[in-house]
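Student: full-length UniProt numbering puts the first residue of the sequence shown at 1, with every later residue one more than the last.
Idealized CB from N, CA, C, for every residue including glycine.
Everything numeric in this text was worked out from a predicted model, so none of it was measured.
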Amino acid sequence: MEELDLQYLPIDFVGKSKPSKKIDAIYEKKKITLKRALDSLNSRKEEICEKYNKIFKEESELLKRNLNDTKGLIKNELYESTLASNYDNTKTIDINYFKQVYKRILELTSQKNDFVDNFYLDLVKNEKEKAKEFTEILKTTYEEIRNNTYKLPYECDEIIEFEIEKLNQTILCNNRNYAKLKFELKSEIENYAKNTIQDLQYVKECWIKYVSNQNENALNELRNTYVPVFADTVQTLGTKIEEATFNLQQIDSLIKNKEPEEWLKITRQTMANLDRKAKKITMDYKQASVIVYNRFFQELKTIAETLKDIPNFEHFPLEEIEVYTPTLKEIRENYDVEFEKIQTAWNDLMIKLLETMDNNYRFLNALTILWENHFQRTEVLRMIILRDLENTIKLNNKVCKQYETEHNILIDTLRQESSQEKAKKTFESIKKMLKTMEEKYHKQYQSEVTLFKKYKGAFDLEMDILLAEITRFLEIYPPDKEKDPKIQRKRASQTSDIAASIDDLIPNQMIYCKYQIDAISNWQFGIWEIISNYVLVAKTEIQSEIDKWIQNHIEYLNVRKEIRFRIHETRLEKIMAYIYEERLEELCKHENRLGEHKNAVEKYLQKIKEDCKCLKHEKIDMILMKFQSKISTIESNSFDAENSYAVAAFIPILNSKTKNALEEIDNAASQYLLKCDDLFEAIQNSHGIYLKTVKLFSEGGNFSTFEVKKLLKNLEKIEKHAKTIITNLKKDVDTKKVIVYETINEKKREVTNFLEAIFEEHKFKETLIKKRKILEKTLVNEVCTHQYNFQILTDEFEQFKREMSKNCENYDSLENFADSVKSITRKLTGIEKYLEIAVPVRLFSNMSKLELPPEIDHLPPTPLTKTPVMENEKNFHEMTNRLFNFKMGELENPNTFFLKLNSILRKHWEETIAYVTEFYKGHRNVFYLEEKNILTSLPQLMNELYNTYNHFQSQCETKVMQDTNEFLCFSFDYLIFCNDQFEMYMKEFCTKTLKNFDKFYNKEVKQILENYKNDMKTKYLDLQKKLKPSFGHPKNRMFLEKLQIQAENIYSDAKEYHDTIKTPLYAKLKEKFDEFVNNYLNLNQTLRKIEQILNEFKTILIELNKKLNEKVRLFRMMLNCRHLEISQGILKHDECILNNCKSFLKFYDSKSSHQFDNGAIMIISSFQKGVVISSRLPSPFISSEDMIRNENSKEFSDDTTDDLFFIYLREYHSKFCTEIENENLDDFLHILRAQWWCAVKNVLDLYTVKYDQCKNLF
């Protein structure tokens, strides 16, 4: 072919040197080294990866456990806060509790984030360490490859660079995955914390709502009960003051009948308590006067606390209180009056001082609690006002919130408007909304300020109650007019000459105490006067405080209003600057961007149209012209093919060229279609990229939902327009491709049909040759199968011969012998049936037109010679009947070897005839091959096939006869061996049986008697060993007597045993005798059965031998008739058949068939005698040495009577019974007993004296 011809050398041609085994071995060794280095690198990489994967799993489990634990703590905090905010526990917590829980949740969330950060840092650290280890092993591998490889340095570098590139990609991928994992974990943590805080906020709002409702209910109840409480307060004020008075201990010691010492002691204690308490109360009065004067009434609580700390009565040490009164001695010296008068004077003074001190204490205590209720009422009113103000502000905020929501919705709408007109309209709506909100702010402020006027009456009522309480206090504790400074000055200007005699009895210490208590009364008067003056201006002062408090809150409301208005004033400007104008600018950009996108799509669509024209009119037409040129070359070269394989080789080339042309067209079209798809995909991708840049406002972009919908519609229109154009272009290309495909396929079909016709002609010729080879192989396999089965039987016979030569005298092998003979005979009978020769004996293979003598005129007619052209199937049927000139029903056994071979021949003949007929039906008119390559005439081919199969049939017939001859040889040998084996087996059996009987007597019977004798000897010897010389002494006679008793027991037991010992021995001999007789009878019976089987087989063999000889005679007669005239047309084939006959007769004559006849006569004569005993049996009266000698020499007599074996066996039995009977055990026992007596006598003789000589122990 043109494209395969070598026309020139390629440009990159390089000469190749002669190969060198050493260099190849070095290269191979270095290849192995390189492979080993790379395998080591991969295994170490896997180990490192497994190591760090294990570390990653451990750290992941630790992180999971820590996150779950922290998550559980957060759940517990939320659960505890829920329990704490329950209705039963609301009083135990405050607003700070939720702040603490919130703080703890944030701390736990931060802790979870720290866990994730640490986990991420550990992963990055591990990745760096893993990269270092990879770097080390890459360095090692690089050194090993560079030093021990056949590759060039740059190739080694490429290997390592490829590994480094993979390593870098893996590291980058892992780091990216780690960062992604960190982000996902933190997002999950943040989301969980957000949800938890929302739940906490919900719990807090529920708690606040509940507490607010409770406080509001409490305030309503307080408001409803407030007026009655004021009245109750006024009524109980006096009672509280009475209860708060200073309860000093009554001085029982002032009774006059007390002893002077005791009275003086009590007086001193009383004066000490008065002095100490007067000093403390004085300080409290001074502080109270300053507090009341400066209107710091809330600080009176400190004085109340100090008054509570003053004890009622204290006991001081005597040495500390001696200074408060003179001693008794001084009293007697200084006072001339009676002691009772002094006691009375002193007692009166102390009682007066006590009363004054008690009055001062009660006044001061009542003063400390005078303003307490006022402050409580004021605080309650302020709380009510502030609560109402808070509710009002909340209500106003709620109203404003609705407006704010609408305002925010308008702002959102303005920000997301899809057109400029809608944006302008929305902006005007915002202006109106801002104006409405401004008016609403004014109204809310007015309502909040007006709220304070609602509670003015409550404050007036509270002031009236306070003035009533102060007036009541002044009335309960009236002033001592004597303490008025004006009265005191007036009294001091007056002089009195009358001296109070009683004052002379008062000592100076008590006078000093009286002055101190009077000073307290002066402070009391001053405080009372301050309070009475305060009543006149109290209402004005309290009103001013209330107005100041109200004004402070109004100022707060003013500040709040100003802040709201200032924020509100800037809204419009900000909306216009940051939202409205920006949105208009964004809408303009969006419209411009869409227009640019449309223009770009149109540009690419115009370019793809031009590429379609170039494809149809240039590329595809050029491919079609090249294909037609190559096909013409293949068609011209197919006539020179020598066989079907050469023709078949053109079909793949044709298919390849067609495929290449179609692929080139398909590739060109596919490239264009792919280009169209790529363009459409690029348009779609550009839409996708465009849409990726488009983000909704919810995603942080500047597109509204409606604007995106509009944009999607525009992009869909562009995509639909592009898809329509691209689809039309694809249709044009597909139409052009279909037309060219049809042209190419039509040309391919024409050439393929031509090649297939030539191929079939070559294939027909080759198939006939192949069928002939298959027939030969099948026949050979069948023949080999028969020979293999026959060889297996031959091996089995040889094994049988070896076993019988080893075990011919063993009775136990009788069953194996019989089974083997039966098995071999059965198999031989089967082979005989397989090789059976049909009766009458004749030749089946075609012998042409030989004029046979009258002896074989029963043979079928001869076949055709070369006949005229056979035109129909009737001629084929006639040819088949002549070739296979017999019927299966004519034979007794249709499954013979020869018929099986003929069935194979016939099957192949019929298949071949059917194949040939079918082929010539399809080639009646046209043959492309020449006459020398294929027979165009069917009759010529059929005559050639007939002669070929006739030759095969002749070979099969001669082969069957040859195998039959070999089978007869083997069978005769087998029968002769069996005949010889029968005689040998009987001879060996009889000899061995008599020998075994003698051995049995010696071992099993005679040995028992010998063992018994030895046992008795042993027992008497043991007694003699026990018999010691000292036993003869009279003192040891008891030992001797014991031994004598044992000896008598042995003797008596033995005597009893003698009566029964011989009976079982006779039984044993009888049992063994019967066993040998049964074995002999069984052997004789078995051999007679085998003899019968062999006689039947022998008859079959003789008959088969006769048939074979008859058929051989036919062959010889056929050769003797060679002088007959043979037509010229079949001479060649008849010579082949006659040659087969000559070869068989030569083989047959070499086997000397007369020997088979002599062997058959010998077998007949031997089997007619029957089974005999030909062994020479030993006499029962000869010695054992003679028996062994005769056995070794194997010289036997010629006696062959059946009774001889039984005579010898009975003689042996009689002889053995006589020997047992002749055994005299009693004499043997008496001998042993006499020996024992002699031993005893010898022992007794050692100790015999004269007077004992006549005694006989026994």
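Please state whether DSSP places Val1243 in a helix, a strand or coil.
Tutor: Reduced to three states, the DSSP call for Val1243 is helix.
Student: How many whole angstroms separate the CB atoms of Phe525 and Tyr441, which I take to be in contact at a CB cut-off of 8 Å?
Tutor: The Cβ separation is near 58 Å, so there is no contact.
Student: Helix, strand or coil for Phe703? Go by DSSP, reduced to three states.
Tutor: Phe703 falls in the strand class under three-state DSSP.
Student: Curious, which full-length alpha helix (DSSP H) runs of at least 4 residues does the region 608–637 contain?
Tutor: You should have 620–637.
Student: What does DSSP give as the partner residue(s) for Leu696 in the beta ladder?
Tutor: According to DSSP, which records beta bridges pairwise, Leu696 is partnered with Phe703.
Student: Where does the unbroken alpha helix (DSSP H) through Tyr285 begin, and where does it stop?
Tutor: From DSSP, the alpha helix (DSSP H) with Tyr285 extends over Pro260 to Tyr293.
Student: Relative to the C-alpha of residue 1259, which candidate in Phe898, Glu28 and Tyr1208 has its C-alpha closest?
Tutor: Since the displayed the chain opens at 1 and closes at 1258, residue 1259 lies outside it and no answer follows.
Student: Could you check where the alpha helix (DSSP H) with Trp371 kicks off and where it finishes?
Tutor: Trp371 -> no alpha helix (DSSP H), and no H or E assigned at all.
Student: Going straight from the alpha carbon of Tyr97 to that of Glu581, what length do you get?
Tutor: Taking the straight line joining both Cα atoms gives about 48 Å.
Student: Would you report the Cα separation of Phe1076 and Gln799, rounded to the nearest angstrom?
Tutor: So the alpha carbons of these two residues sit roughly 29 Å apart.
Student: Only counting the same chain, and skipping five residues up and downstream in sequence, which positions put a Cβ closer than 7 Å to that of Asp857?
Tutor: A caution first: Asp857 carries a pLDDT of 35, below 50, which makes its placement in the model unreliable, though a value can still be read off. Result list for Asp857: empty, nothing under 7 Å.
Student: Do Lys626 and Ala661 count as a contact pair if the criterion is CB distance below 9 Å?
Tutor: In contact: Ala661 and Lys626 (Cβ atoms closer than 9 Å).
Student: Figure out for me which residue from Lys616, Phe876, Asn1049 and Ile26 has the closest Cα to the Cα of Val733.
Tutor: Comparing Cα positions, the closest option is Lys616.
Student: Since Phe363 contacts Tyr477 with CB under 8 Å, what's their CB separation in whole angstroms?
Tutor: Their Cβ separation, rounded to whole angstroms, is 5 Å, which keeps Phe363 and Tyr477 in contact under 8 Å.
Student: Tell me the rounded alpha-carbon separation between Thr1200 and Thr825.
Tutor: The pLDDT assigned to Thr1200 is 37, lower than 50, so where the model puts this residue is not dependable; a value taken from the coordinates is nonetheless given after this. Going by the C-alpha atoms only, they are around 28 Å apart.
Student: Does the Cβ-Cβ distance between Thr344 and Arg268 come in under 9 Å?
Tutor: No, these two residues do not count as a Cβ contact at 9 Å.
Student: Name the two residues that bound the continuous alpha helix (DSSP H) containing Thr1060.
Tutor: From DSSP, Thr1060 is part of no alpha helix (DSSP H); its letter is neither H nor E.
Student: Just the C-alpha distance for Asn174 and Glu127, rounded to the nearest angstrom, thanks.
Tutor: C-alpha separation (whole angstroms): 8 Å.
Student: What is the C-beta distance between Lys900 and Glu782, in whole angstroms, given that I count them as a contact (C-beta under 8 Å)?
Tutor: The Cβ separation is near 7 Å, so the contact holds.
Student: Helix, strand or coil: how does DSSP classify Lys1013 here?
Tutor: In the structure shown, Lys1013 sits in a helix (DSSP, three-state: H, G or I).
Student: Quick check: the Cα distance between Gln214 and Asn391, rounded to an integer number of angstroms?
Tutor: So the alpha carbons of these two residues sit roughly 15 Å apart.
Student: Under 9 Å, do Ile310 and Leu300 count as touching if we go by C-beta distance?
Tutor: No, the pair does not count as a contact, with Cβ atoms beyond the cut-off.
Student: What do you get for Leu1243, buried or exposed, if any count of 16 or more other CB atoms within 10 angstroms of its CB means buried?
Tutor: A small fix is needed here, since residue 1243 is Val in this sequence, not Leu. By the neighbour-count rule (16 or more Cβ atoms within 10 Å), Val1243 is buried.
Student: Taking the alpha helix (DSSP H) that Met463 falls in, what are its first and last residues?
Tutor: It spans Lys456 to Ile476 - the alpha helix (DSSP H) in which Met463 sits, taken as one unbroken run.
Student: Distance check for Ala646 and Glu750, CA to CA, integer angstroms please.
Tutor: Whole-angstrom Cα-Cα distance: 19 Å.
Student: Nearest-angstrom Cα distance between Glu165 and Lys35?
Tutor: Glu165 and Lys35: Cα-Cα distance of roughly 20 Å.
Student: Counting only runs of 4+ residues fully inside the region 1038–1103, write out the alpha helix (DSSP H) ranges in chain order.
Tutor: Taking only runs of at least 4 residues, no alpha helix (DSSP H) segment lies wholly in the region 1038–1103.
Student: Straight-line CA distance for Arg583 to Ile683?
Tutor: C-alpha separation (whole angstroms): 29 Å.
Student: Would you mind stating whether His877 and Tyr834 have Cβ atoms separated by less than 9 Å?
Tutor: Result no, Cβ atoms of His877 and Tyr834 do not sit closer than 9 Å.
Student: Quick check: the Cα distance between Thr693 and Asn714, rounded to an integer number of angstroms?
Tutor: If I take the Cα positions, the gap works out to 16 Å.
Student: Here's the rule I'm using: 16 or more other beta-carbon atoms within 10 Å means buried, otherwise exposed. How should Thr705 be labelled?
Tutor: The residue in question, Thr705, is exposed, as its Cβ has fewer than 16 Cβ neighbours within 10 Å.
Student: When you compare the region 168–182 with the region 107–115, are there three or more beta-carbon pairs, one atom per stretch, that lie closer than 8 Å?
Tutor: Cβ pair count under 8 Å is below three, so no.
Student: Using only CA atoms, which one of Lys139, Phe1147, Phe316 and Leu968 lies nearest to Ala1099?
Tutor: For the sequence presented, residue 1099 should be read as Thr rather than Ala. Per the Cα distances, Leu968.
Student: Considering just the uninterrupted stretch of the alpha helix (DSSP H) at Tyr974, what are its terminal residues?
Tutor: Residues Leu938 to Phe1000.
Student: Out of curiosity, what's the CA-to-CA distance linking Tyr949 and Asn1139?
Tutor: Each residue's alpha carbon lies about 16 Å from the other.
Student: Taking 7 Å as the limit between beta carbons, can you name the residues of its chain near Asp1226, skipping five residues before and five after?
Tutor: Excluding positions up to five away in sequence, the list reads His1058.
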